[in-house]
Amino acid sequence: EHLLSQDLKIPPKTRSQYTFPPLFFYKPQLWWPNGMGKQYLYNVEIRVDVKGYGESDSWRHNFGFRRIQSTIDATTGGRLFKVNGQPIFIRGGNWILSDGLLRLSEKRYHTDIRFHADMNFNMIRCWGGGLAERPEFYHYCDIYGLLVWQEFWITGDCDGRGIPVSNPDGPLDHDLFLVCARDTVKLLRNHASLALWVGGNEQTPPDDINTALKNDLRLHPLFQTCDKDVELEEDPL
Amino acid sequence: APIGKTKLDAGWLAARSTDVKLTGVQLTTTHPPSSPPSPPWMEAAVPGTVLGTLLRNKLVPDPFYGLKNETIIDIADSGRDYYTFWFFTSFKCSPSTHQHLDLNFRAINYSADLYLNGHGKSLPKGMFRRHSLDVSDILNPAGINLLAVLIHPPDNPGRIPPEGGQGGDHEIGKDVAAQYVEGWDWMAPIRDRNTGIWDEVSISVTGPVKIIDPHLVSSFFDDFKRAYLHSTAEFENRSSWLAECSITIQVTAELEGSICLI
Numbered sequence: 009e010h011l012l013s014q015d016l017k018i019p020p021k022t023r024s025q026y027t028f029p030p031l032f033f034y035k036p037q038l039w040w041p042n043g044m045g046k047q048y049l050y051n052v053e054i055r056v057d058v059k060g061y062g063e064s065d066s067w068r069h070n071f072g073f074r075r076i077q078s079t080i081d082a083t084t085g086g087r088l089f090k091v092n093g094q095p096i097f098i099r100g101g102n103w104i105l106s107d108g109l110l111r112l113s114e115k116r117y118h119t120d121i122r123f124h125a126d127m128n129f130n131m132i133r134c135w136g137g138g139l140a141e142r143p144e145f146y147h148y149c150d151i152y153g154l155l156v157w158q159e160f161w162i163t164g165d166c167d168g169r170g171i172p173v174s175n176p177d178g179p180l181d182h183d184l185f186l187v188c189a190r191d192t193v194k195l196l197r198n199h200a201s202l203a204l205w206v207g208g209n210e211q212t213p214p215d216d217i218n219t220a221l222k223n224d225l226r227l228h229p230l231f232q233t234c235d236k237d238v239e240l241e242e243d244p245l
Numbered sequence: 002a003p004i005g006k007t008k009l010d011a012g013w014l015a016a017r018s019t020d021v022k023l024t025g026v027q028l029t030t031t032h033p034p035s036s037p038p039s040p041p042w043m044e045a046a047v048p049g050t051v052l053g054t055l056l057r058n059k060l061v062p063d064p065f066y067g068l069k070n071e072t073i074i075d076i077a078d079s080g081r082d083y084y085t086f087w088f089f090t091s092f093k094c095s096p097s098t099h100q101h102l103d104l105n106f107r108a109i110n111y112s113a114d115l116y117l118n119g120h121g122k123s124l125p126k127g128m129f130r131r132h133s134l135d136v137s138d139i140l141n142p143a144g145i146n147l148l149a150v151l152i153h154p155p156d157n158p159g160r161i162p163p164e165g166g167q168g169g170d171h172e173i174g175k176d177v178a179a180q181y182v183e184g185w186d187w188m189a190p191i192r193d194r195n196t197g198i199w200d201e202v203s204i205s206v207t208g209p210v211k212i213i214d215p216h217l218v219s220s221f222f223d224d225f226k227r228a229y230l231h232s233t234a235e236f237e238n239r240s241s242w243l244a245e246c247s248i249t250i251q252v253t254a255e256l257e258g259s260i261c262l263i
């Protein structure tokens with residue numbers, strides 16, 4: 009069930025977007041945050057072979073089956089998280105970045121993230137004044153079960169609520185902000201540990217940016233159905 | 002050339018732009034810097050920042066100790082050129098006829114002018130974006146390729162007020178870049194605002210068709226007994242003929258020990 013090949017003809021000098029038929033898994037090993045279970049990861053490999061040429065390219069990723077939901081609790085106004093349908097008490101820590109001169113080695117990330125897991129955290133919040141963290145950061149969060157709250161590059165202080173008040177309309181180039189945001193989402197979106205994208209720190213991004221981000225990051229309608237905790241009559245697939 | 006990615010994370014050199022009288026074309030054709038380097042060239046930390054390279058060469062004190070950060074000139078006082086640096090390296094690769102070679106930068110702060118074997122290209126602004134260039138047509142047939150990248154600091158590095166404060170004068174907020182670099186209540190300002198090739202540089206060899214940004218999503222039914230893996234990717238045919246492809250997805254799981262289930 010877990011090996012699928014499809015033929016595809018791509019015209020010269022063009023890009024084609026292709027969606028494989030969904031792969032079915034019965035009772036897959038699920039990925040759980042630190043302290044709730046194992047962080048099970050599957051090796052996913054996508055390969056393309058071209059007739060008359062052979063293997064042309066390949067891509068691989070460690071993928072975790074999990075469902076992360078979060079809602080605002082009407083009573084407390086706080087955000088409640090669920091993983092694989094189970095409510096989770098968030099024990100989170102703030103994260104700016106690993107080194108002020110950006111000496112961000114894989115070894116350094118491994119040590120930092122394992123340290124947070126050993127401190128019994130199950131979430132790391134990447135503050136909006138720091139970085140969109142790197143794939144190596146997320147890789148070790150996948151391995152050690154640390155959910156990641158990733159903010160985009162807006163802070164109250166620099167974007168309209170600081171002293172002096174400055175940049176009330178955020179960065180000068182909103183299109184550039186969205187180009188960077190979209191590329192960052194594509195870089196990081198397959199990581200099991202990525203739990204939440206957040207517009208900024210103590211500040212909402214300017215309306216046009218916020219609307220575009222919400223639109224780009226909304227859940228696909230297909231997953232709206234299976235994102236509810238209801239038993240489905242028929243399989244929408 | 003073997004299909005796949007090779008990181009370019011060794012053998013980089015750097016020099017302050019104002020100390021180099023040559024152009025990017027000359028640096029990557031007739032006048033490459035010598036190795037080992039002689040002034041103004043020095044060994045560079047890539048991935049890393051300008052300040053990381055200066056510290057590696059002991060040209061600045063380590064800003065993490067005592068008040069040494071105060072002895073490093075801030076970009077607001079030195080001007081942007083002082084932290085505008087050339088980074089140079091060379092790499093070998095000889096792809097065959099139907100192969101393509103991409104030069105990939107996973108992140109640069111803040112913008113750059115790139116030269117490869119005498120051909121120039123601008124890399125647009127933004128600290129959080131990838132750059133991937135198909136350089137197949139400008140490779141050096143002899144196999145040794147010379148790469149020089151002129152890295153420019155953020156457009157609005159700002160000035161740190163005497164009282165410091167969160168985000169300094171907030172000018173950095175005008176750019177799409179990390180804002181902590183102007184200093185915060187818990188953090189001294191970073192003098193070069195993290196200018197540099199701060200993330201992975203690589204070259205990747207593919208055949209005529211390239212896989213771009215796959216997206217994997219799982220959906221669950223029957224209380225997680227039934228799950229589906231949905232996979233979408235872009236495939237780019239860079240040849241001038243119709244590519245008849247067979248695309249494959251395979252999922253394996255490492256069971257206990259080294260036994261794999263396919």
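In the order they appear, the protein sequences are chains A and B.
Letter by letter, the first sequence follows residues 9 to 245 in the numbering used here.
Letter by letter, the second sequence follows residues 2 to 263 in the numbering used here.
C-beta atoms are modelled at their ideal positions from N, C-alpha and C, and glycine is treated no differently.
All values reported here derive from a predicted model rather than from experimental measurement.
What does residue i pair with, by DSSP beta-bridge criteria?
i             : result
residue 115/B : 122/B and 150/B
residue 134/A : 103/A and 158/A
residue 246/B : 16/A and 58/A
residue 61/B  : In the DSSP output, where bridge partners are listed per residue, residue 61/B has none listed.
residue 229/B : 32/A and 220/B
residue 8/B   : 203/B
residue 93/B  : 145/B
residue 190/A : Its beta-bridge partners do not exist; DSSP assigns none.
Measure from the alpha carbon of residue i to the alpha carbon of each residue in the options, then state which is nearest.
i             : options                       : result
residue 135/A : 30/A, 60/A and 211/A          : 211/A
residue 27/A  : 54/A, 44/A and 49/A           : 54/A
residue 111/A : 55/B, 130/B and 98/B          : 55/B
residue 44/B  : 147/B, 50/B, 57/B and 33/B    : 57/B
residue 154/A : 19/A, 189/A, 76/A and 12/A    : 76/A
residue 66/A  : 72/A, 79/A, 80/A and 51/A     : 51/A
residue 127/A : 113/A, 35/A, 152/A and 182/A  : 152/A
residue 6/B   : 183/B, 212/B and 141/B        : 212/B
residue 9/B   : 198/B, 251/B and 222/B        : 198/B
residue 23/B  : 67/B, 149/B and 113/B         : 149/B
residue 115/A : 97/A, 88/A, 147/A and 132/A   : 147/A
residue 42/A  : 220/A, 149/A and 218/A        : 149/A
residue 201/B : 48/B, 4/B, 65/B and 27/B      : 48/B
residue 236/B : 102/A, 64/A and 10/A          : 64/A
residue 206/A : 221/A, 194/A and 95/A         : 221/A
residue 29/B  : 219/B, 124/B, 145/B and 239/B : 145/B
residue 46/B  : 113/A, 186/A, 173/A and 187/A : 113/A
In whole angstroms, what separates the C-alpha of residue i from that of residue j?
i             : j             : result
residue 86/A  : residue 93/A  : 18 Å
residue 17/A  : residue 167/B : 54 Å
residue 74/A  : residue 241/B : 41 Å
residue 229/B : residue 215/B : 16 Å
residue 129/B : residue 190/A : 10 Å
residue 2/B   : residue 132/B : 22 Å
residue 105/A : residue 98/A  : 21 Å
residue 130/A : residue 25/B  : 48 Å
residue 232/B : residue 165/A : 40 Å
residue 169/A : residue 153/B : 29 Å
residue 79/B  : residue 247/B : 56 Å
residue 252/B : residue 170/B : 51 Å
residue 36/A  : residue 72/A  : 10 Å
residue 195/B : residue 118/A : 22 Å
residue 42/B  : residue 4/B   : 33 Å
residue 186/B : residue 164/B : 10 Å
residue 122/B : residue 84/A  : 53 Å
residue 226/B : residue 78/A  : 22 Å
residue 143/A : residue 160/A : 16 Å
residue 245/A : residue 40/A  : At residue 245/A the pLDDT is 49, less than 50, meaning the model places this residue with poor confidence; the figure from the coordinates comes in the next sentence. About 25 Å.
residue 228/A : residue 89/A  : 19 Å
residue 38/B  : residue 12/B  : 10 Å
residue 199/A : residue 21/B  : 43 Å
Using 10 angstroms around the beta-carbon of residue i, count the other beta-carbons present and answer buried if the total reaches 16, otherwise exposed.
i             : result
residue 90/B  : buried
residue 192/A : buried
residue 226/A : exposed
residue 126/B : buried
residue 240/A : The pLDDT assigned to residue 240/A is 46, lower than 50, so where the model puts this residue is not dependable; a value taken from the coordinates is nonetheless given after this. With fewer than 16 Cβ atoms within 10 Å of its Cβ, residue 240/A is classed as exposed.
residue 237/A : In this predicted model, residue 237/A has a pLDDT of only 47, less than 50, meaning its place in the structure is not dependable; the value taken from the coordinates is given anyway. So residue 237/A counts as exposed.
residue 111/B : buried
residue 244/B : buried
residue 201/A : buried
residue 158/A : buried
Decide yes or no for the touch test of the stretch 78 to 91 of chain B against the stretch 13 to 28 of chain B: beta carbon pairs closer than 8 Å, at least 3 of them.
-> yes
Three-pair Cβ contact test at 8 Å for the stretch 168 to 186 of chain B versus the stretch 135 to 145 of chain A | yes
Decide yes or no for the touch test of the stretch 182 to 200 of chain B against the stretch 157 to 171 of chain B: beta carbon pairs closer than 8 Å, at least 3 of them.
-> yes
At least three beta-carbon pairs within less than 8 Å, the stretch 206 to 219 of chain B to the stretch 99 to 113 of chain B = Yes: at least three Cβ pairs fall under 8 Å.
With contact counted as at least three CB pairs below 8 Å, one residue from each stretch, are the stretch 116 to 123 of chain A and the stretch 161 to 179 of chain A in contact?
-> no
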